[in-house]
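The structure under discussion appears below in the form of structure tokens.
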Amino acid sequence: MRALADRMGRIGESVTSATTAKAKALRDAGHHVINFAAGELDAGSPPSAGAAAAAAAHHERLHHYGPQSGLPELRQAVAEHLDPGDGSVRAENVLITSGTKQAVFHAIFALIGPGDDVLLPAPYWTSYPSMIHLAGGTPVEVFAGWEHGFKVDVDMLERAATDRTKMLIFTSPANPTGALYSPDETRAIGEWAARRGIAVLSDEIYDRLVFSPHHFQSIADLVPELRDRCLRTGGVGKSFAMTGWRIGWLTGSATLIRSIGALQSHTTGHPSNIAQAATLAVIQNGESDWLAKTRESLDRRRQTMLDGLRAIPGLVCLEPAGAFYVFPSVEAYLGKEVAGRQVSSSLELAEILLTEAQVAVIAGEAFGAPGYLRLSYALDDTDLAEGIDRISRLLTTSRPFGVK
Ligand code: GLU
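Position one of the sequence shown corresponds to residue 74 (the numbering used here), numbered consecutively onward.
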């Protein structure tokens, strides 16, 4: 008898998490790896997080089990933070989860089952298809490459939809591309989903990391008639350098949130009270100066990255409007020789970059987009410049590459 259940055959380890861990381990072992793979900011969390966590650790109430859907004061603070001003988001509409990844999984697991299709605009975040498979559903990819600005439209979705379509996953700003749907594009997709009676899972984890003149607007706020069938995921991890605290949230109708809270009560239970207290402090403080500085410094590094990659012949690199990734097409290098090796795929190119130039990137294959690479530019300036230089030298010379 096989040890693992059938469903495990449909998934592998998260490529983003595994590559990031490998790059960090190589660095810890003394190798000068430039880590473009990590999906997180390179700063420490705002000091208010640590101060609140230290204080919380001394509150006996927080040493014990709390409400399974999260601390009431945090649910309330998240509701106030997300409410568009019409009282449509209240504490009962919010579930606090152990990271946003869990919020996404719970939402998919609660709504999707065998026989259900989920429309998945690609390039997509690597874990969505695995989560859909684990729930017993079928991901239906709708691909939009750089020529489409990495964004799908209603016609593309309509062509892919069938009677089995139960959900659309909508991520804006997107990981891995940084693409942001404009309010008009968002509204059109939301109205289409509402008309067809399709649920929308709106992953808003990068909502605060958007560069001027662009603005984030939630599909739930732009299309109020969608609200009952829209679940939104978000959190503090990406924008406040708090990925390790593992706090996220899920918002939606009170009925759905109650059911998904029941699911949480049987699986992980509530997240750590200490991390919830830290999150509460950050939300209550607003941390607008911290955020402004973060955006400004990311914006500068975004420009450095774009200038550097666009100077490499053959790379096509769109300007991302949000998050902290670029997603260049490396199509021009496939079938060519790089560092003395014939490159047949972006997966292979990513491997050559790591072994020959000690540069960690994530291959587009992890996001349903062969022919591309994902690079985070949330690195310090020296590493950023060195990394771009190594990539440039590797791609523009066909000789084996020696790292300084
Ligand atoms: N979401 C981040 C990324 O895409 C972190 C790793 C993960 O959870 O996938 O790199």
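Just so you know, even glycine gets a beta-carbon here, dropped at the ideal spot from N, CA and C.
Since we're looking at a predicted model, the values are computed, not measured.
To the nearest angstrom, how far is the alpha carbon of residue i from that of residue j?
| i | j | result |
| --- | --- | --- |
| Gly342 | Gly460 | 41 Å |
| Pro473 | Gly172 | Unreliable placement is indicated for Pro473, whose pLDDT of 43 sits below 50; the coordinate value is still reported in the next sentence. Whole-angstrom Cα-Cα distance: 42 Å. |
| Val76 | Asn358 | The amino acid occupying residue 76 in the given sequence is Ala; Val does not appear at that position. Their Cα atoms are separated by approximately 49 Å. |
| Asp101 | Glu113 | 18 Å |
| Gly475 | Leu468 | Only weak support exists for where Gly475 lies, its pLDDT of 45 falling under 50; the value from the coordinates is given anyway. Cα to Cα, Gly475 sits roughly 13 Å from Leu468. |
| Arg237 | Gly188 | 7 Å |
| Gly85 | Thr92 | 13 Å |
| His132 | Arg148 | 19 Å |
| Ala423 | Val106 | 13 Å |
| Trp265 | Pro249 | 24 Å |
| Leu329 | Arg302 | 9 Å |
| Ala354 | Ala125 | 6 Å |
| Pro401 | Leu391 | 7 Å |
| Gln376 | Arg134 | 47 Å |
| Val177 | Ser118 | 23 Å |
| Lys477 | Ile385 | Confidence in Lys477 is poor, its pLDDT being 39 and thus under 50, which makes the residue's placement unreliable; the coordinate value appears in the next sentence. Taking the straight line from one Cα to the other gives about 20 Å. |
| Ser203 | Leu420 | 19 Å |
| Lys97 | His104 | 10 Å |
| Gly186 | Trp198 | 20 Å |
| Glu404 | Arg466 | 17 Å |
| Thr455 | Phe284 | 23 Å |
| Pro393 | Asp79 | 39 Å |
| Arg414 | Thr470 | 11 Å |
Looking at C-alpha atoms only, which residue of the options is the closest neighbour of residue i?
| i | options | result |
| --- | --- | --- |
| Asp453 | Arg373, Gln431, Gly188 | Arg373 |
| Arg300 | Asn166, Arg281, Ile464, Lys409 | Asn166 |
| Lys95 | Gln431, Arg148, Gly85, Arg447 | Gln431 |
| Pro492 | Ala233, Arg83, Ala293 | Outside the shown range of the chain (74 to 477) lies residue 492, about which nothing can therefore be said. |
| Leu230 | Arg260, Leu193, Thr352 | Leu193 |
| Glu258 | Ile278, Asp228, Glu298, Arg466 | Asp228 |
| Ala412 | Glu429, Arg319, Ala350 | Glu429 |
| Gln175 | Val389, Ile320, Ser402 | Ile320 |
| Phe223 | Pro202, Ala247, Leu241 | Ala247 |
| Gly307 | Phe289, Ile278, Ala129, Lys239 | Ile278 |
| Asp380 | Thr199, Glu146, Asp462, Ala130 | Asp462 |
| Leu184 | Ile169, His206, Arg163, Thr199 | His206 |
| Thr170 | Leu388, Arg414, Ser338 | Ser338 |
| Ser142 | Ala458, Thr340, Lys409, Asp226 | Thr340 |
| Leu388 | Ala335, Ser361, Gly444 | Gly444 |
| Arg269 | Glu214, Lys239, Tyr406, Ser417 | Lys239 |
Confirm, please, whether the CB-CB distance from residue j to residue i is below 8 Å.
| i | j | result |
| --- | --- | --- |
| Ala180 | Leu323 | yes |
| His287 | Leu253 | yes |
| Gly325 | Val296 | no |
| Tyr190 | Thr235 | The residue asked about is misnamed: residue 190 is Asp in this sequence, not Tyr. Contact flag set, yes. |
| Phe182 | Ala195 | no |
| Ala439 | Thr211 | no |
| Leu446 | Gly437 | yes |
| Ala122 | Trp363 | no |
| His154 | Ile356 | yes |
| Ala110 | Ile435 | yes |
| Arg368 | Leu282 | yes |
| Leu304 | Ile271 | no |
| Ser161 | Ser87 | no |
| Pro145 | Ala130 | no |
Across which residues does DSSP place residue i in a beta bridge pair?
| i | result |
| --- | --- |
| Leu467 | In DSSP, Leu467 forms no bridge with anything. |
| Tyr445 | Ser402 |
| Leu452 | Answer is none; Leu452 lacks a bridge partner. |
| Trp219 | BP columns for Trp219 are empty, so no partner. |
| Cys303 | Val273 |
| Met74 | Partner(s): none; Met74 has no beta bridge. |
| Met315 | For Met315, which the question treats as bridged, DSSP gives no partner whatsoever. |
Please decide whether residue i counts as near chain B, where near means a Cβ-Cβ distance under 8 Å.
| i | result |
| --- | --- |
| Asp301 | The structure shown contains no chain B; it holds only a single protein chain. |
Inset, instruction - Check whether the stretch 333-347 touches the stretch 136-151, counting contact only when three or more Cβ pairs, one atom from each stretch, lie closer than 8 Å. - result: The stretch 333-347 and the stretch 136-151 touch, with no fewer than 3 CB-CB distances between them shorter than 8 Å.
Inset, instruction - Would you be able to state if there are at least three C-beta pairs under 8 Å between the stretch 396-409 and the stretch 436-453? - result: Contact between the stretch 436-453 and the stretch 396-409 is established, with three or more Cβ pairs separated by less than 8 Å.
Legend entry - Sufficient close CB pairs (3 or more, under 8 Å) joining the stretch 108-123 to the stretch 303-314: Under the three-pair Cβ rule at 8 Å, the stretch 108-123 counts as touching the stretch 303-314.
Legend entry - Pocket of the ligand ZN defined by Cβ to heavy atom distance under 6 Å: The ligand content of the structure shown is limited to the ligand GLU, which means the ligand ZN is not among them.
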